[in-house]
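Structure record follows, encoded as structure tokens.
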Amino acid sequence: MAKHPKAATITVQVRNSAAGQFVDADQYKGETMQAAIEKVTVTGASGKAGFAIANYLVDAGYDVLATDVAPPRAGLKCRFLRADLTQYGEAVEVLNGMDAVVHMANIPANNIYTESTTFNQNILMNANVFQAAGAVGLERVVWASSETTLGLPFDPPLYAPVDEDHYPHPTSTYALSKVVTEEMARHHSKWWNIPFIGFRFTNIFAQEDYARVPGYQDDPSDRSWNLFGYVDVRDCALACDLALKADVTGADTMIIAAADTIIDRPSRELAEEIFPGLEFRSEVEGTDTLLSIEKARRVLNYQPQYSWREMVSHD
Ligand SMILES: NC(=O)c1ccc[n+]([C@@H]2O[C@H](COP(=O)([O-])OP(=O)(O)OC[C@H]3O[C@@H](n4cnc5c(N)ncnc54)[C@H](O)[C@@H]3O)[C@@H](O)[C@H]2O)c1
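Note that the working numbering has the sequence shown beginning at -13, numbered continuously upward.
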């Protein structure tokens, strides 16, 4: 298959034999080789993030297989296989023959199912996908962690802007499932000797979600639970594309948020009003995000493209 124009070059080291793959010593010469990520499975592709990510990656030139336990959405631009990722064999089948997985499938919040079901289902899905990724010899795993690992609701946060070190403070089994999965990712990354990039997404916004934004302006305290964070789903897709291309090794996690907050007031003033005495550990200018995206900027060159300010009239 022809290499797509934006094909990633990544460093692939000689595999752990536990991955079930044998390597040709002459080919590798004990060094590393460059391989392109071309074929990507996107899980959770009937959901908010997975649908947008699958289509974004198709447009970016990847060969995408979308999968979900729910039927495909209208407008999906790639092939689709329905699979229940709580079944290990189904996870193996949807990853087999691919180069990477962008794993979005999960129960996406607490208070949807019972606390025990949320934890058990998410852990089962994530354990199966990570194990299958190694078993079929994927080159890379990109997956969705969550801002909830950082301690939602922030009441108050320990400091601002909240960064990756404000961790772990899970307050629900949903958040705990992501904390446990981050730990699983660290070990699977070593076992299979491939990168695992986890995104602590803040509140993800698709087009229809922006209609609620004007209503937030009158009482910003309604959005203090996550420090007024949001991220456009297209910027989530951008982050996944960057993660598929990035020259990284091991397991890492980073916050993915918009560059600004969802409230039309200076961020520092707003946070100090709602959380008196809050310690600021770095500069916050204007309406800058209070969920730091400095790490994603540094590691992935992530530059969010979308702001609610261009999509919602806010007189
Ligand atoms: N939405 C947010 O604001 C947000 C914030 C932070 C992190 N996240 C994480 O991002 C990811 C995507 O979130 P989303 O908002 O798109 O969620 P979503 O609920 O819209 O999509 C998740 C998809 O996973 C699928 N799924 C659930 N159980 C499955 C199973 N057993 N097998 C296969 N598929 C299954 C669902 O059918 C659904 O289509 C999730 O991992 C979520 O935890 C979401």
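Backbone N, C-alpha and C fix where the C-beta goes; we use that ideal spot for every residue, glycine too. Computed from a predicted model, the values in this text were never measured in an experiment.
Outcome for residue i when other beta-carbon atoms lying within 10 angstroms are tallied against a minimum of 16
i, result
"W129", "buried"
"H173", "exposed"
"R65", "exposed"
"P156", "buried"
"K15", "Low per-residue confidence applies at K15: pLDDT is 35, beneath 50, and the placement is therefore not dependable, though the value from the model is reported in the following sentence. Under this definition K15 is an exposed residue."
"E24", "buried"
"A197", "exposed"
"W294", "buried"
"S299", "exposed"
"P262", "exposed"
"H89", "buried"
"A91", "buried"
"S207", "exposed"
"R186", "buried"
"G36", "buried"
"Y288", "buried"
"P147", "buried"
"S102", "exposed"
"P290", "buried"
"E296", "exposed"
"S253", "buried"
"D205", "exposed"
"R284", "exposed"
"N304", "The chain is shown from -13 up to 301; residue 304 falls before or after that span and cannot be answered."
"A60", "exposed"
"P143", "buried"
"E168", "buried"
"G236", "exposed"
"I190", "buried"
Rounded distance between the beta-carbons of residue j and residue i, thought under 8 angstroms
i, j, result
"A192", "A38", "7 angstroms"
"R209", "I248", "6 angstroms"
"P181", "V234", "5 angstroms"
"V78", "T27", "Between T27 and V78 the Cβ distance is about 11 angstroms, and since that is not below 8 angstroms, they are no contact."
Where the alpha helix (DSSP H) containing residue i begins and where it ends
i, result
"I260", "S253 to I260"
"F37", "K34 to D45"
"R172", "T159 to W178"
"T303", "The structure shown does not extend to residue 303, since the chain is modelled only from -13 through 301, so no value can be given for it."
"F116", "E101 to A121"
"G184", "No alpha helix (DSSP H) contains G184, which is instead part of the beta strand (DSSP E) from F182 to F187."
"R283", "E280 to L286"
"L224", "V219 to K231"
"G75", "Y74 to L81"
"V234", "It is not in any alpha helix (DSSP H) - V234 carries neither H nor E in the DSSP assignment."
"V199", "V199 to Y202"
Near ligand 1: residue i beta-carbon under 7 angstroms from a heavy atom
i, result
"V55", "yes"
"T303", "Nothing in the structure corresponds to residue 303, since the chain is present only between -13 and 301."
"T100", "no"
"G36", "yes"
"E133", "yes"
"A61", "Rather than Ala, the amino acid found at residue 61 in this sequence is Gly. False, no ligand heavy atom lies under 7 angstroms from that Cβ."
"D70", "yes"
"N189", "yes"
"V244", "One detail in the question is off: residue 244 reads as Ala in this sequence, not Val. Result no, Cβ not under 7 angstroms from ligand 1."
"M111", "yes"
"T27", "no"
"M84", "no"
"G33", "yes"
"A91", "yes"
"G30", "yes"
"P94", "yes"
"Q107", "yes"
"A237", "no"
Run of the beta strand (DSSP E) containing residue i, from where it starts to where it stops
i, result
"K25", "K25 to T29"
"V50", "D49 to D54"
"A86", "A86 to H89"
"T65", "Here the sequence assigns Arg to residue 65, which means Thr is not the residue at that position. Element bounds for R65: R65 to R68."
"R126", "R126 to A130"
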